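End of the sequence shown = 699 in our numbering, gap-free, step of one. We put the CB at the ideal spot given by N, CA and C, even for glycine. Just so it is clear, the structure is predicted and the values come from calculations on it, not from any experiment. To keep things clear, I will list the structure first and then write my remarks on it.
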Amino acid sequence: MISIGEKYIKLDTPYTSMIFCRYSELLEKVYYGKRISDMPDYDILTSHKRKYGHSSSDDVITANMTFSCYGMGCDREYSVELKNYDGGYANKFLFKSAAVVDKPVIDGMPSSYGGAETLELVYEDRDYNLELRQYFTVFDDTDVIAASTRLVNLSGKAVTVKSLMSCQLDLDESGYEIYSFTGAWARERFQQKNKLDCGVFSNNGKAGITSHAVNPFFMIKSPARVGGFYGFNLVYSGNHKEVINASPMNITRVMIGMNDFAAEKTVAPGGYFHTPEAVFVYGKDKNAVAINMHSFVNGHIIPARHKKDRPVAINIWSSLGFDFNREEVMEYAKKAEKFGMEMLIIDDGWFGNRNDDASSLGDWTECEKKTGGLKSLSEELHKIGLKFGIWIEPEMISPNSDLFRAHPEYVLRNPKREPILERNQLYLDLTNPEVMDFVYKSVENVIINYGADYVKWDCNRNVFDAYGLIGGADEDYCYRYVKNLYAVMDKLVKNYPDVLFEGCAAGGGRFDLGILSYMPQIWTSDNCCPVDRVYIQESTLLGYPQSAVSAHVGLAVSGALDRKTRLKDRFAVALEGVFGYECDITALSESEAEEVTRQVEFYKKNRHLLQYGKNYLVESAFDGFASSRVIVSEDKSRAIALIYKMVNPFNTEQNKYRFEGLDDDFVYRIKPYGSDKEFIAKGDVLNSYGLDFNNLFLREWKGEYYSEIHTLVLIIEKI
Ligand code: GLA
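Structure follows, in structure tokens:
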């Protein structure tokens, strides 16, 4: 709910409030946290005017603003950096008006849907005839707030936007603890913690894609006087930047938006530039942030038609690689059908002369020697009740390809030098409309001519050859690239709404809300080793719902790094996301085959809960010895607990585990998966007193101490 009064503007979400106070020509954010009551005047409790600020109304040296720029007395990091028509960098935006408006469409960008109300704040720089408009959208069913900023040029001369962040949140106090999610291929989104007392912390995504190096999702934990956690994310798939600036004045500024590196934009007279949408949330703890992010992504980012159970897949990549034939594929298919799986995915290698990663990207015509005809394969799979999935990497071109020989001009490159190869491949120049059409048709081809029900859209490298503004254009290459990519995806998902798309970028290098606006799930990492996956998934699940996190029982990194783990542990870890297999299911022993059949049956029976239940992380693998979580149904009558013990120190006391999210008053039966034991206890006892699972672990260790991870899956049902 949004209320706009003479002095205060108040935004309420189900459990949080944000309050702005107007005085003179400034607007200050005076509160953001747990929902609080309306008061005629919050001034009774505090004087908003900063004690150490100067007396003039436009002095913002310590004010908690919704934006910041040079020229208004502030010396912190800025969210708005312009170059005015006269070459100057100073602006003075004064508060003009507030209104509840329709949520604006951000041209060429995906953004959240289903908002309840949108607040528009307008600031104006009268000297340069510019307007800054900020939008805050609240939702009925989540505490997440979506925000974006538009710079409007009302003058008769062009203005250059050097940097425009999507949102700025100024907070009281310093000493925030920053949880960022950084990594590399096969080690995506590993949680990092940094405490910031004074200075600037910045995440700088400059890979052209969201990147393995740093995800735009991050959290901050407040110092005790403020309390609680804040989470942030960005609906964008290109270069991004997150800035946290703790000032010596004991205040902290948080900003998130597009990266300003090589990203100047010219706004013509009468025109505007609108940033991608940022989202943020306040919650009392990490779980409150994560659960809100999950409900927001499921209900307001992922297209509503995909809010249904996702199929159990078998992907042949890790075991067969580039070298497969129809007979082998059908052998997988028959086993998959027998085990209860629902979809078979042909990964890389089905096209051109693709026998390794050195050729053929762009030649999206099937190699019949391997496939025996994809259309007929798709039909054969359908006949035995399996869906047909296919991999494609449509944004890429191999120098050794027919496409390259026919259209060298399609390659993204600086005309003055050779482009940089990564995994033997180059980017197609998606700023060329002819290339956009080519990319669209490449994907459409696998849907209409090969009968794909599912498309895994890969992107195996970073952008290193964007060389500046595109032919006289007013935007930089990377931004235009992302916009055009979205345009192609948008057209495809509109024309083929029933196809299930899965995002991928050398594992999880493009895991973001922009991609999720089109594709409901993303391949989380090429690393399927359960030990590493626990960390990767735990971090990913803080910002993204389990329905988006593709997780397979597999080999480690395509077989390259195999730790000592057991099938049951691989299964238990893959239960955290959209479940499938990525290993040789034709080579399983009889007992393994039986185990896999039971696993698939278990997942299918519980998949709705596992994909959409409320997900409480109880213990973090980053903090200690285990990762444990409870996934609880909406009515709290069913839950599944997943416990992954990573470290087994010798001769220490093994304490109890407790649960979260269960109803204190319900009585539950708890059964460990694969065992005939059961426990009965009331919810309050389980939530607080806990259970000693170590007895289960310990007994089992006697014979199998070699495994590097020990897991427990508990089925919890109200009786
Ligand atoms: C990337 C993906 C893998 C697989 C290979 C194929 O690495 O992340 O899952 O599709 O490409 O080359």
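Within the DSSP bridge table, the entry for Asp152 names Ile231 as partners. Between Val529 and Thr504, the C-beta gap is smaller than 8 Å, which places the two residues in contact. For Asp(-8), the enclosing beta strand (DSSP E) stretches over residues Tyr(-12) to Asp(-8). If you draw a straight line from the Cα of Ser497 to the Cα of Phe582, it is about 29 Å long. One alpha carbon belongs to Cys484, the other to Glu57, and they sit about 34 Å apart. When DSSP assignments are scanned along the segment 378 to 463, the uninterrupted stretches of beta strand (DSSP E) that are 3 or more residues long and fall wholly within it turn out to be 434 to 437. Listed in chain order, the non-local C-beta contacts of Lys72 below 6 Å within the same chain comprise Gly51, Met52 and Asp105, local neighbours out to five positions each way being set aside.
Val60 and Leu522 have their C-alpha atoms some 29 Å from each other. Annotated three-state conformation of Ser275 is helix, per DSSP. The closest heavy atom of the ligand GLA lies 7 Å or more from the beta carbon of Trp344. Contact between Asn404 and Ser381 is ruled out by a C-beta separation of about 10 Å, above the 8 Å threshold. No Cβ-Cβ contact shorter than 8 Å links Arg167 with Thr520. Distance from the CA of Thr129 to the CA of Leu144, rounded to the nearest whole angstrom, comes to 8 Å.
Judged by the Cβ position, Gly487 qualifies as a neighbour of the ligand GLA at the 7 Å threshold, a heavy atom of the ligand being closer than this.
Counting C-beta pairs closer than 8 Å gives fewer than three between the segment 213 to 227 and the segment 99 to 115, which falls short of the contact rule. Cys508 has its CB no nearer than 7 Å to any heavy atom of the ligand GLA. For Cys484, the Cβ falls inside the 7 Å cut-off from some heavy atom of the ligand GLA.
With contact defined as three or more Cβ pairs closer than 8 Å, the segment 293 to 302 and the segment 322 to 329 are in contact. The residues Tyr58, Val60 and Asn71, in chain order, have a CB closer than 6 Å to that of Cys49 in the same chain once the five nearest residues on each side in sequence are set aside.
Put simply, the backbone Cα of Met499 is about 13 Å away from that of Ser217. Counting along the chain, the unbroken beta strand (DSSP E) around Glu599 starts and ends at Lys594 to Glu599. If you check the C-beta of Asn440 against the ligand GLA, you find a heavy atom less than 7 Å away.
Cβ-Cβ distances below 6 Å link Gln634 to Asn674 in the same chain, with the five nearest sequence neighbours on each side left out; the list follows chain order. Distance from the C-beta of Asp564 to the nearest heavy atom of the ligand GLA is not below 7 Å.
Apart from the 5 residues on each side of it in sequence, Ile231 sits with its Cβ closer than 8 Å to the Cβ of Thr42, Asn44, Asp150, Leu151, Asp152, Glu153 and Ser154 in its chain, given in chain order.
Nearest in C-alpha terms to Asp438, of all of Ile495, Val215 and Tyr457, is Ile495. Taking 7 Å as the cut-off, the C-beta of Asp328 counts as close to a heavy atom of the ligand GLA. Counted as a single uninterrupted DSSP element, the alpha helix (DSSP H) harbouring Trp297 occupies residues Trp297 to Leu300. The C-alpha of Gly489 is placed about 16 Å away from the C-alpha of Ile372. The criterion of a C-beta distance shorter than 8 Å is satisfied by Phe276 and Val124. Counting only residues of its own chain and dropping the five nearest sequence neighbours on each side, Asn195 has a CB closer than 6 Å to the CB of Phe161 and Arg169.
Listed as beta-bridge partners of Ile294 by DSSP are Leu324 and Tyr561. For Gln634, the three-state secondary structure derived from DSSP is coil.
Leaving aside the five residues that flank Leu642 on each side, the residues in its chain whose CB is nearer than 8 Å to its CB run, in chain order, Val610, Val612, Lys616, Ala619, Tyr648, Gly663, Leu666, Asn667 and Ile696.
Taking all protein chains in view, the Cβ of Ala204 is surrounded by fewer than 16 other Cβ atoms within 10 Å, so the residue is classified as exposed.
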